[in-house]
Structure formats: C-alpha cells, structure tokens
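Same order as they appear, the protein sequences are chains R and X.
Following the working numbering, the numbering of the first sequence begins with 15 at its first residue and continues without gaps.
Following the working numbering, the numbering of the second sequence begins with 15 at its first residue and continues without gaps.
First the structure, in the form of structure tokens, and then the observations on it.
There are 2 protein chains.
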Amino acid sequence: MKDMFGMLKKHHKETFQEAVKEGKADPQIISFGDYFVSLRDYFTSSSCSGRIVLMNLNEQETKKEAAFYRKWHRKVEFEEVLSALMENTREDLWFKQEAFILHIGARTLKQANKVLSAMKKAGVRRGGIMVAKQGKFIVELTGSNYMSLPVKSGKEILVSEPHLKFIVEKANTKLERNYRLLGEFEKECRKSL
Amino acid sequence: MKDMFGMLKKHHKETFQEAVKEGKADPQIISFGDYFVSLRDYFTSSSCSGRIVLMNLNEQETKKEAAFYRKWHRKVEFEEVLSALMENTREDLWFKQEAFILHIGARTLKQANKVLSAMKKAGVRRGGIMVAKQGKFIVELTGSNYMSLPVKSGKEILVSEPHLKFIVEKANTKLERNYRLLGEFEKECRKSL
C-alpha cells in the first residue's frame, strides 16, 4: 500500500513553502506552518490566521474570491476603511472581522485526538475532525472572535463616522484577541505534538 | 463493560424530552430531536436552531447566560429591536444573528462519519468530530449564516434607524436561510442514519 499520508504531507508542505516564498502566506501563520513542516505525522493545509475584510455581496450573498473588496491580515486604520467605503462601488459592501481557520492533517486518529487536546488546552472552543479516513484525518479549528455587518447598500454608506470608528476599534481588539489565541494554540502544539 | 453510550443516550433523551415538555426547546429543533430519540446509535445534546439576540457585553466580551438582553428563535420586527434598544441599559449592546449549532452523539466512528456525510450532502460546510473516544463520538456542526455588530455603547444608540432596518432585514433573511439549511440536514439524516 502506498504511503497516502506521506504524499499528502509532501504536497501540502510544498504548497506552504511556495506560498511563503511568494509572500502569499499570512505573516501570523508562518511560524505555525514551519513547525508543522518539521513534524512527521502532521501537516497543515489551507489555513488563515484571521483578518478584516470588506466584501462585495449580492442578494444571494454568495462568496467568491472576487468578492473581497479589501482584505487585511492585520489591524486597520479608520481612515483606510472609510476611504475604501467612499470609492465607487456597485454591490452591497459588508465589513467583516473573521477568526482564524486552520486545517491540520494527522496520520492516525490518536494523533488527531492530540490536536483536539491541544485545542482545548489553548482555549479554542470550536473545532473537530472533519475527515476521518484510514491514513487521512483532517482537523478543522476556528477562533470565535468575529464581526459581520452591512456597511454600504448600493452607493449609500449606511454607517455614521462615529459608528464606523467604534466598529473598527472593536474589530481591532477582536483581531488581536484572535491572534493571541492562535499563538496559544501554536504553543500547545509545540508542547504536545 | 457497561454500556456507556446507552447511558449517555438515555440521559440526553430525558433532558431533551424534559425541555420540550417545559416549552424550553427551540420550536425548529423539536422534529430533529424527536428523530434522534428514535435512533439506537445516535443522540443529540445541547443544540440550538439559530437565533437573533441582543447581548450585553462588557469590555472583555465575556459571554454569560445573563448576557442575553433579548433572544428570539424566529425572525424579528424592526420595532421590537428598536424598542429594546431604547430601554435603559448600561453595558454595550451587540446585535447578533447566530447560526444553528448541533451536537450529535454516535456510538462508533463509522456512525460519526455518516453524520459528516449527511452534513456534506446537505451543504453544511462547518463541522467535525470534536470528541472521539471508545463508545462516545460527538459531532459538532454549525451553519455559516451570521451577523454581529455593536449597536449601543453605554446609553448611546450607535445605529441610525434606516441602518437598523437594513440590518434587521438582512438578519431575517440569513435566519431563514439558516433554518432552511437545518431542514436540509435533517432530511439527509432521515435518509441515511
């Protein structure tokens, strides 16, 4: 039997290292990804460290990659959000602060369970094994800090400037808390995997 | 060896039936819970069908049961949200539309995997096995429709009436979509578990 897990790991390792080289990996996730590259029985795939976005959504609210009007993997300034809102846009714009989402592959169920333990110890409340097959266990985890609201309808900005300021402030606080939680999880993984 | 799973199932069955009798179960989840009561190898525990809430949050944004200022397991009227906002409150108020969250116990990993398959077929994108022990597999699933924003800071209402109207409208649409997805998932479970 082929080493299915080994092939998967090789593939995701290369994808990750490519992304880092091309500057496409979120800065907050590089140390985390590097650590997983060094492990024999785990890998990471398609993960995001958390972000603040302005998103174009039509009536159906279908999300496509093209829907990202702005995307920041860091805290934002009120002015840059406001100036983006004031640009000429057509569809509704939503302001979102999204939590990290991680995908971790493990060779065995026992090892996937170790990820769940690290998750609990770090205080990450949401997550589970989303694929459980011989040679392929994928754990998905997410943080629980988020915000989401419509800020523009057609050409009309819906939020007042003081409200937007308040929202940006809260989103920054939540994003910081999100990165801190991600850091805690990385620490627990380094201890126990 | 004791039938650990059987004891768990009995406990959660009684808790669910008690909640229904006392009118404490979400109406949208009763048919779903009843179905699981009828199965030998599955149970549901602490689930929520999705809701719209006004929540008191302090600076730390710690969520306690007492934090629910209003809680609706249904679509809301603009007027009832506005009048709640106009009441005399102290801490910040957040408006949230939350997706369903379900916990499903399965006797074996194979049966937990069936829940994951039903989930995928129904189009539920977020979920996994959060506990994987001999005789106790718990799958957690959540919908992906949500909104969350601060609407009141101390005594000051942050949203304009037109913005609040727009927000309520979007939240209602999302909540409907959430209930529809929950219905799809129930249908898939009834087909395949």
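For glycine and all other residues, C-beta sits at the position ideal for the given N, C-alpha and C.
Being a predicted model, the structure only gives us computed values, none of them experimental.
CB contact check: residue i to chain R, cutoff 8 Å
| i | result |
| --- | --- |
| Glu154(X) | yes |
| Leu163(X) | yes |
| Gly141(X) | yes |
| Tyr193(X) | no |
| Phe114(X) | no |
| Ile118(X) | no |
| Tyr160(X) | yes |
| Lys123(X) | One point to set straight first is that residue 123(X) is Leu, not Lys, in the sequence displayed. Yes, Leu123(X) counts as interfacial toward chain R. |
Residue closest to residue i, alpha-carbon to alpha-carbon, out of the options
| i | options | result |
| --- | --- | --- |
| Glu190(X) | Phe19(X), Ile44(X), Gly64(X), Ala146(X) | Gly64(X) |
| Ile43(X) | Lys205(X), Leu207(X), Ser206(X), Tyr193(X) | Tyr193(X) |
| Met133(X) | Glu28(X), Cys203(X), Val67(X), Lys38(X) | Cys203(X) |
| Lys179(R) | Glu91(R), Lys23(R), Leu107(R) | Glu91(R) |
| Ile171(X) | Trp108(X), Leu123(X), Leu207(X), Phe50(X) | Trp108(X) |
| Cys62(R) | Tyr56(R), Ala39(R), Lys16(R), Lys128(R) | Ala39(R) |
| Ser206(R) | Val129(R), Leu22(R), Gln31(R) | Val129(R) |
| Ser162(R) | Met18(X), Lys184(X), Leu96(X), Glu105(X) | Lys184(X) |
| Phe19(X) | Gly149(X), Met69(X), Arg140(X) | Gly149(X) |
| Glu32(X) | Val51(X), Arg84(X), Asp17(X) | Val51(X) |
| Glu93(X) | Leu71(X), Ile181(X), Arg54(X) | Ile181(X) |
| Leu196(R) | Glu28(R), Gly37(R), Gly47(R), Met21(R) | Gly47(R) |
| Leu53(X) | Val95(X), Phe151(X), Gly168(X), Arg121(X) | Arg121(X) |
| Glu175(X) | Lys188(X), Tyr160(X), Leu96(X), Asn127(X) | Leu96(X) |
| Gly37(R) | Leu71(R), His87(R), Met69(R) | His87(R) |
| Lys225(R) | Met21(R), Met100(R), Arg84(R) | Any answer about residue 225(R) is impossible in this case: the structure gives chain R only from 15 up to 207. |
| Ile115(X) | Met21(X), Ser131(X), Tyr160(X) | Tyr160(X) |
| Lys188(R) | Glu28(X), Lys27(X), Leu71(X) | Leu71(X) |
| Asn127(X) | Arg140(R), Ser131(R), Phe151(R) | Phe151(R) |
Closer than 8 Å to chain X by CB, residue i
| i | result |
| --- | --- |
| His177(R) | yes |
| Leu130(R) | yes |
| Asn186(R) | no |
| Ala136(R) | no |
| Met69(R) | no |
| Ala81(R) | no |
| Val34(R) | no |
| Val182(R) | no |
| Leu207(R) | no |
| Leu189(R) | no |
| Leu107(R) | no |
| Leu172(R) | yes |
Cβ pair residue i, residue j closer than 8 Å
| i | j | result |
| --- | --- | --- |
| Val138(X) | Leu155(X) | yes |
| Ala146(X) | Leu123(X) | yes |
| Asn186(R) | Lys35(R) | no |
| Val67(R) | Lys110(R) | yes |
| Lys201(X) | Gly119(X) | no |
| Gly157(R) | Ile143(X) | no |
| Lys166(R) | Thr103(R) | yes |
| Ser60(X) | His117(X) | yes |
For residue j and residue i, believed in contact at Cβ under 8 Å, the rounded distance
| i | j | result |
| --- | --- | --- |
| Phe13(R) | Ala136(R) | The structure shown does not extend to residue 13(R), since chain R is modelled only from 15 through 207, so no value can be given for it. |
| Tyr212(X) | Gln125(X) | Past the edges of chain X, shown from 15 to 207, lies residue 212(X), and the structure says nothing about it. |
| Phe82(R) | Thr58(R) | With 8 Å as the limit, Phe82(R) and Thr58(R) do not qualify as a contact, their Cβ atoms being about 22 Å apart. |
| Asp106(X) | Pro164(X) | 6 Å |
Requested in this report: Taking only beta carbons into account, state which residues of the region 89-103 of chain R come closer than 9 Å to chain X, listed in chain order.
Outcome: none
Query raised in the report: Got a sec: which bits of the region 40-70 of chain X sit with their beta carbon under 7 Å from any beta carbon on chain R, in order along the chain?
Result: none
Query raised in the report: Mind listing which residues of the region 18-34 of chain X have their C-beta closer than 7 Å to chain R's C-betas, in chain order?
Result: none
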